[in-house]
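In what follows, a single structure is set out as C-alpha cells and then discussed.
2 protein chains.
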Amino acid sequence: MIITFYLQIDLSIDKSRLRFGTFDEEDAINWCRSDLQTNGGHTAVDIAKIWSRNRIASILSNESSSPRSSISNDSNKPLIENPEKKHVSFNVLQRCSDKRKDLLWLDTKKKDADTQYLLFSDLQIYVSPEKQCNDDTPQKHQLITASYKDIDFYLNEGKSLNIFLGTEPLQTKNGQSKKERAWFAVDVSSMDKEKLESILPNGYFISPFPAFLNLNEYERSIFSEACSLILWHMDHQFCPTCGYRTIPEDAGLKRGCTNGKCLSRSGLLNTNYPRVDPNVVILVVNSSETHCLMGLKKNFPSNMFFCVSGYIEPGESIEDACTREILEQVSLDVVKVEYHSSQPWPYPVVLLVGCTVHVSTEVVKVNEEELKDASWFHFSEAELMIKGKHEEGYKVPSKQTLTYQLLDSWLETHRVE
Amino acid sequence: MIITFYLQIDLSIDKSRLRFGTFDEEDAINWCRSDLQTNGGHTAVDIAKIWSRNRIASILSNESSSPRSSISNDSNKPLIENPEKKHVSFNVLQRCSDKRKDLLWLDTKKKDADTQYLLFSDLQIYVSPEKQCNDDTPQKHQLITASYKDIDFYLNEGKSLNIFLGTEPLQTKNGQSKKERAWFAVDVSSMDKEKLESILPNGYFISPFPAFLNLNEYERSIFSEACSLILWHMDHQFCPTCGYRTIPEDAGLKRGCTNGKCLSRSGLLNTNYPRVDPNVVILVVNSSETHCLMGLKKNFPSNMFFCVSGYIEPGESIEDACTREILEQVSLDVVKVEYHSSQPWPYPVVLLVGCTVHVSTEVVKVNEEELKDASWFHFSEAELMIKGKHEEGYKVPSKQTLTYQLLDSWLETHRVE
Numbered sequence: 001m002i003i004t005f006y007l008q009i010d011l012s013i014d015k016s017r018l019r020f021g022t023f024d025e026e027d028a029i030n031w032c033r034s035d036l037q038t039n040g041g042h043t044a045v046d047i048a049k050i051w052s053r054n055r056i057a058s059i060l061s062n063e064s065s066s067p068r069s070s071i072s073n074d075s076n077k078p079l080i081e082n083p084e085k086k087h088v089s090f091n092v093l094q095r096c097s098d099k100r101k102d103l104l105w106l107d108t109k110k111k112d113a114d115t116q117y118l119l120f121s122d123l124q125i126y127v128s129p130e131k132q133c134n135d136d137t138p139q140k141h142q143l144i145t146a147s148y149k150d151i152d153f154y155l156n157e158g159k160s161l162n163i164f165l166g167t168e169p170l171q172t173k174n175g176q177s178k179k180e181r182a183w184f185a186v187d188v189s190s191m192d193k194e195k196l197e198s199i200l201p202n203g204y205f206i207s208p209f210p211a212f213l214n215l216n217e218y219e220r221s222i223f224s225e226a227c228s229l230i231l232w233h234m235d236h237q238f239c240p241t242c243g244y245r246t247i248p249e250d251a252g253l254k255r256g257c258t259n260g261k262c263l264s265r266s267g268l269l270n271t272n273y274p275r276v277d278p279n280v281v282i283l284v285v286n287s288s289e290t291h292c293l294m295g296l297k298k299n300f301p302s303n304m305f306f307c308v309s310g311y312i313e314p315g316e317s318i319e320d321a322c323t324r325e326i327l328e329q330v331s332l333d334v335v336k337v338e339y340h341s342s343q344p345w346p347y348p349v350v351l352l353v354g355c356t357v358h359v360s361t362e363v364v365k366v367n368e369e370e371l372k373d374a375s376w377f378h379f380s381e382a383e384l385m386i387k388g389k390h391e392e393g394y395k396v397p398s399k400q401t402l403t404y405q406l407l408d409s410w411l412e413t414h415r416v417e
Numbered sequence: 001m002i003i004t005f006y007l008q009i010d011l012s013i014d015k016s017r018l019r020f021g022t023f024d025e026e027d028a029i030n031w032c033r034s035d036l037q038t039n040g041g042h043t044a045v046d047i048a049k050i051w052s053r054n055r056i057a058s059i060l061s062n063e064s065s066s067p068r069s070s071i072s073n074d075s076n077k078p079l080i081e082n083p084e085k086k087h088v089s090f091n092v093l094q095r096c097s098d099k100r101k102d103l104l105w106l107d108t109k110k111k112d113a114d115t116q117y118l119l120f121s122d123l124q125i126y127v128s129p130e131k132q133c134n135d136d137t138p139q140k141h142q143l144i145t146a147s148y149k150d151i152d153f154y155l156n157e158g159k160s161l162n163i164f165l166g167t168e169p170l171q172t173k174n175g176q177s178k179k180e181r182a183w184f185a186v187d188v189s190s191m192d193k194e195k196l197e198s199i200l201p202n203g204y205f206i207s208p209f210p211a212f213l214n215l216n217e218y219e220r221s222i223f224s225e226a227c228s229l230i231l232w233h234m235d236h237q238f239c240p241t242c243g244y245r246t247i248p249e250d251a252g253l254k255r256g257c258t259n260g261k262c263l264s265r266s267g268l269l270n271t272n273y274p275r276v277d278p279n280v281v282i283l284v285v286n287s288s289e290t291h292c293l294m295g296l297k298k299n300f301p302s303n304m305f306f307c308v309s310g311y312i313e314p315g316e317s318i319e320d321a322c323t324r325e326i327l328e329q330v331s332l333d334v335v336k337v338e339y340h341s342s343q344p345w346p347y348p349v350v351l352l353v354g355c356t357v358h359v360s361t362e363v364v365k366v367n368e369e370e371l372k373d374a375s376w377f378h379f380s381e382a383e384l385m386i387k388g389k390h391e392e393g394y395k396v397p398s399k400q401t402l403t404y405q406l407l408d409s410w411l412e413t414h415r416v417e
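Chains as they are written, first to last, in full-length UniProt numbering: chain A, 1 to 417; chain B, 1 to 417.
Take a look at the structure:
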C-alpha cells in the first residue's frame, strides 16, 4: 500500500525534476490530497518523508525546508548490538564527526562538569584496582578519569595533546530530556606526578597491553579509541610528504602539516589522517570440517595457540590476504574464505578482520620466519582448550580475542550437532 | 579411520613432547608399524605428515628434517576463485614475501628475459589502445611492459624507484617443469620521453583513474598493486616519527628511515610499511527488504547513484563504522550489518569493505557535508538502473565497483523469488 501511494505522488510530476527538487512545487500539492491515508495511517506528507522527498513533504505540510544537515545523536544505546559476538570493544561513544571543527561547541564541552578526561603518560594509562574483583580476571583495573576542574590548570597551559573522543548520552532524572557527556584523552606526560596523585589519589600508570583486556567492556571500548589515537599522534609528529612538523587539528582527529606549500595541504593525500592497519585473523578448517589449525607465536607462551594472522598488503582484498598468508605461513591451499567479524586492536591502530578459511590440503609446512609451530586440532581437543581443560595445558587467548571468538563460533557448529 | 590412526601414533608417546619435537625420536618408530595402512591406503608416515608431525614422519621414513621454511609457489592458477563476485582485482601475482630481502634472487629476477616492467611517470601509467575494442568499454587500454634489456640503461643509473610486485607462474612447453615470471613497477619520470617512445612505440601515459577500469581483469589486478605502492612511495618520502628522509627497502615493500637513532628503526612502529586505508561501502536495505538506499556524490555525475561509504576510524570495527556512517550521513538506525566482500582500490591505497546493512527507520536526513542527495529505490527500479535502462537515465557505477556488486547481489535475491 505504501508503494502504491508513493508512486501516486511520484508519477504526478516529472520524475527527474521531482528527485532533484527543481519542479514547480505547487504541482505536488495540486496532485496530492492531504486528507487521504493509507491502511497504515500514513498521509502524503508521511509518505513523502519516508521516501526522502523532503521538499514535497515540506510543501505539503507547509513546513520550512527540511533539516538535512542536522544529524540526530540522541540514542542512548550502543549503536549496534552483536549479541553473538563478544569482542574487544565497540563504539560506545558517538564520534560526532560534524563537531570536530566546531571550536565553540568543543570549548563548551571541554569545560562541562560532566566531561571525562582519560589520562595517558608515556603511553601508559592511569587506573585504580577495581574493588569487586572477579576470579576469572584477577588483575582487573578500572580507568580513573579527571573532570575539567581537576586538570584545568594543566589543560590551559595549552601544551598537552588533548583529543576529543566523542559523546555518551546521559538520561536525566525526569527521563524526558537528554544530555550528553563528552570524553577526551589527555597526554599528561609533562604533569608533575605528585600533583596528579594529590588530585586523583590511589591511581597508578600501567602499560596498556595486556592490562586493557582486564577493563570492563565499556571502559575497554573507550580506551581502544583513545589509545590508538594517542599512539598515532606520538609516531606521526612529522609530515611523511615533506618532513615538516605536524600539529593536531580537528580536535585531535587529524594532524596538519605546518608547511604551507606541502602537497598534503591541497591534494587528496591520506597522510593527515590516522592510519588503520587491517590485519586478517584466520581460523583454518580442513575439508571434512573436523579439525582446525592453530599456531604458536614467537615470544608467546609455548602452550598458547593462536589463529594464523597477517597484515593486508596494498592491492589485496581480505580474501586474497587470507589466501596468501595461509600459503606463506603453513603452505595450505585455500578454497573458501568466510568473513566472521571484526574488531579494533589498539597496538597501535589495527583493524582485525576475522575469517574462517577452508583448505583442501592438510600437509602443513610451517614457515619458521612467521610461526614457531602449527598443529591441527580435532574439535573435541579444541573444545578442551577453549574451556581451559586440556590435559597438556594447551590454551587459547582470552575471550576478547578474535582467536577465541572464531574458535568458539566454529565449535558451536559441532555443539549443535 | 584417519583420526583413529592418528591417535594411535599420538598416544604412543608423551603428547606434549611429541608436539614440540623434544621426545626420544626412536620411540615413535618402535610404536608405529610402517607396513600397516588405513582403509584409505595411508601409512604411518603419510598420517604423520598429514597431521604435521614432521619430525615423526622424517624418522619413520628415514628422511632428513622436514623442509619447513620453503614455501611452495608452484600454483599456476589464481590463489582463490570467487566465482560469484567479480571485483576490481585479485592477487594474480604471488607476492613472495620470503624473497623481498634476498638480493641475489632479486638481482637474477631483475635481469631475467621474462621479467616484465610496468612504467609509471608522474603517477601516470604507460599504455596503448587495445586492438580488439569492446563496445561496452570504448576507451579500453592495454598495459605496455618493458623487458630488462629495453630499459637496463635507465635501471642501472640507480636513480629510479623500482618495486618488486611478485611472480607469475609460467608453464613450459613440455608441461613438466615450471618457471616464474617476475613483475616490477618502475618510475620513469626522469627518463627522456623521446627515448622511451623509440624503445616502446605507440604508447602514451594516462592518468590511472578511471582509465584502469578499462584494463582487463588480469592487467587491472597487477596495476592495482603497482599503483598503490607507487603512490605510497611518492607521499612518504619522510619519516613521520622523526622527519628524516626515508629510502626504499625490501625491494620497495618498505621505506626505512635514514636516521639511525629513529624510534622506527628499533620499536614496533608501523610507519615503515605501506598504509592500507580500510573504507566501508554500504548498501542500505529497508526492513521489508523491498528498497535500497543510494546516494549522489559531490563532483560526480548527477544521475549516478553510489553506495554510502566512509573510512573506518581508529578503535572501530567494520560493523561499528557502517553503523556510524549510516547515522552520520543519512540518519538511519542500523539493526544488522552483513559482510559481502572486499576489494582493493588504488587511489591511493584503499581496502574497500562491502556490506549490506539493514535499517529499522526510513526517514532519511541527508548530511549535505557528506552527500549531495540520497534516495530509496524499489528493487524493480534498481534493476533498471543496473541494466542501464532506467527511463530517467539514473545509473550506477561500472561492474568493477562494489556499489554494482552489492546491488547486483541484493537484486539476485529478488530475481530468485
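Idealized CB from N, CA, C, for every residue including glycine. Just so we're clear, the structure is a prediction, and the values are computed from it rather than from any experiment.
| Check | Outcome |
| --- | --- |
| Using DSSP's beta-bridge definition, name the partner residues of residue 503/A. | Past the edges of chain A, shown from 1 to 417, lies residue 503/A, and the structure says nothing about it. |
| Residue 414/A CB to nearest chain B CB: under 9 Å? | no |
| Could you tell me whether the segment 180-196 of chain A touches the segment 109-119 of chain A, where touching means 3 or more Cβ pairs closer than 8 Å? | yes |
| Would you say residue 369/A faces chain B, with C-beta separation under 9 Å as the test? | yes |
| Measuring straight from C-alpha to C-alpha, what distance separates residue 314/A and residue 245/B? | 22 Å |
| For the segment 313-325 of chain A, enumerate the residues whose C-beta is nearer than 7 Å to any C-beta of chain B, in chain order. | 313, 314, 315, 316, 317, 318, 319, 320, 323 and 324 |
| Between residue 285/A and chain B, is there a C-beta pair that is closer than 9 Å? | no |
| Could you name the residues of chain B that residue 237/A contacts, counting a contact when the two beta carbons are closer than 9 Å? | 240, 241, 242 and 243 |
| From this set, 324/A, 333/A and 202/A, which residue's C-alpha is nearest residue 143/A's C-alpha? | 202/A |
| Hey, could you find the ends of the alpha helix (DSSP H) residue 108/A is sitting in? | 103-111 |
| Assign residue 407/B to buried or exposed, taking buried as 16 or more other Cβ atoms, counted over all protein chains shown, within 10 Å of its Cβ. | buried |
| Measure from the alpha carbon of residue 333/A to the alpha carbon of each residue in 312/A, 365/A, 344/A and 303/A, then state which is nearest. | 365/A |
| Using the rule of at least 16 other Cβ atoms within 10 Å of the residue's Cβ for burial, across every protein chain shown, is residue 379/B buried or exposed? | buried |
| Mark residue 223/A as exposed unless 16 or more other C-beta atoms lie within 10 angstroms of its C-beta, in which case mark it buried. | buried |
| Which residues in the same chain have their Cβ closer than 7 Å to the Cβ of residue 80/A, if we skip the five residues on either side of it in sequence? | Confidence at residue 80/A is low in this model, with a pLDDT of 43, below 50, so its placement is unreliable and the value that follows should be read with caution. For residue 80/A, where only same-chain residues beyond five positions count, there are no Cβ hits under 7 Å. |
| Roughly how far, in whole angstroms, is the beta-carbon of residue 127/A from the beta-carbon of residue 204/A, given that I think they are within contact range, below 8 Å? | 7 Å |
| Does the structure place the segment 386-401 of chain B close enough to the segment 271-280 of chain B that three or more beta carbon pairs sit under 8 Å? | no |
| Just tell me which of 169/B, 252/B and 263/B has its CA closest to the CA of residue 103/B. | 252/B |
| Evaluate residue 288/A with the Cβ neighbour count: other Cβ atoms within 10 Å of its Cβ, from every protein chain shown; 16 or more gives buried, anything less gives exposed. | exposed |
| Let me check one thing: in DSSP terms, what residues is residue 356/A bridge-paired to? | 283/A and 338/A |
| If you count every other CB in all the chains shown that lies within 10 Å of the CB of residue 300/A, and 16 or more means buried, which is it? | exposed |
| Quick check on residue 373/A: does DSSP put it in helix, strand or coil? | strand |
| How should residue 320/B be labelled, buried or exposed, when 16 other C-beta atoms within 10 angstroms of its C-beta is the threshold for buried? | buried |
| Please classify residue 302/B as buried or exposed, where buried requires at least 16 other C-beta atoms within 10 Å of its C-beta. | exposed |
| Any beta-carbon of chain B closer than 9 Å to the one on residue 275/A? | yes |
| For the segment 390-404 of chain A, which residues have a CB atom closer than 7 Å to at least one CB atom of chain B, in sequence order? | 392 |
| Give me the residue from 158/A, 401/A, 260/A and 368/A with the minimum Cα distance to residue 344/A. | 401/A |
| Straight-line CA distance for residue 82/B to residue 312/A? | Residue confidence is low: residue 82/B scores 43 on pLDDT, short of 50, so the model does not pin down where it sits. No coordinate-derived value is stated. |
| Would a check of beta-carbon distances place residue 124/A closer than 9 Å to chain B? | no |
| For the segment 322-333 of chain B against the segment 355-363 of chain A, do three or more pairs of beta-carbon atoms, one drawn from each stretch, fall closer than 8 Å, so that the two count as touching? | no |
| What residues match up with residue 345/A in a beta bridge as DSSP calls it? | 350/A |
| At the 9 Å Cβ level, is residue 248/B part of the contact set with chain A, yes or no? | no |
| Would you call the segment 144-156 of chain A in contact with the segment 90-107 of chain A, where contact means no fewer than 3 C-beta pairs closer than 8 Å? | no |
| Assuming residue 170/B contacts residue 179/B (C-beta within less than 8 Å), just tell me the rounded distance between them. | 4 Å |
| Apart from the five residues just before and just after residue 208/B, which ones in its own chain have a Cβ nearer than 8 Å to its Cβ? | 123, 124, 125, 223, 227, 346 and 347 |
| Work out the CA separation of residue 197/B and residue 229/B for me, nearest whole Å. | 25 Å |
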